[in-house]
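In the UniProt record's numbering, the protein residues as written are 1 to 220. For glycine and all other residues, C-beta sits at the position ideal for the given N, C-alpha and C. No experiment lies behind these values; they were computed from the predicted model shown. Notes follow the structure.
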């Protein structure tokens, strides 16, 4: 689909191979998630944002220059808990701090259906206008696509104009389902796509449970 974008950057592919490895420890896992997210942030935002001239400044040499800033109002929406691992990379790339709103979603074990347990999106009214021009969903993996679809539906109902869904890795069927949810309003950016998931909803060959790897809760 035209709204699915997979990074071809050699460094992303190499770092993703390191992240997949069972020999990669927790500290390196966190670092790799941040580093890969930085590449994905640069690729996604390059085609999704525009600039506007906001005034005039004086350079270190005393010369005048046009001051530019990002035109769009951007909000970051990490999916708890693993989306927090991608947050720093996106926040650091944006020229000004963005509002951060958390969505808590987990998959019910028997059906793999998403269940929302936390949502701190502020209330909007008919007269308040769009809450954001661009909402960026951060979730390291798209497996079945159920969590991504639930997040997209929530943000669409909230009133955002456009959504970027950014993940380090996705399973092809789940990525396609997410991209089809709101094709005119959603762009999906990934580091790579794997072919399938297990019956338990784990991507193959995948990254394992990236939330457990990030937060040292393996075996919980």
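- Remark: fewer than three beta-carbon pairs, one from each stretch, lie closer than 8 Å, so the region 116-125 and the region 45-58 are not flagged as touching.
- Taken through DSSP and simplified to helix, strand or coil, residue 16 comes out as helix.
- Per the C-alpha coordinates, the member of 148, 4, 155, 42 positioned closest to residue 130 is 155.
- Look at residue 132 here: in three-state DSSP terms it is coil, with no helix or strand label.
- Short of 6 Å from the beta carbon of residue 100, and not among the five residues preceding or following it, lie these beta carbons of its own chain, in chain order: 76.
- Here residue 174 is buried: its Cβ has 16 or more other Cβ atoms, across all protein chains shown, within 10 Å.
- Where residue 5 is concerned, there is no enclosing alpha helix (DSSP H), although the beta strand (DSSP E) around it starts and stops at 4-6.
- Residue pairing by DSSP leaves residue 72 without any beta bridge partner.
- Taken in chain order, the whole alpha helix (DSSP H) runs of length 4 or more contained in the region 137-213 are 146-158, 172-181.
- Under the criterion of beta carbons closer than 8 Å, residue 36 and residue 168 qualify as touching, at roughly 5 Å.
- Beyond the five residues adjoining it in sequence on each side, residue 137 comes within less than 6 Å, by CB distance, of 77, 151, 165 in the same chain, given in chain order.
- Rounded to the nearest whole angstrom, the CA to CA distance from residue 79 to residue 69 is 27 Å.
- A distance of 9 Å or more separates the beta carbons of residue 98 and residue 41.
- DSSP, reduced to helix, strand and coil, places residue 44 within a helical segment of the structure shown.
- The region 81-132 contains, as complete alpha helix (DSSP H) runs of 4+ residues, the segments 84-93 (chain order).
- DSSP places residue 79 within a strand segment (E or B) once states are collapsed to three.
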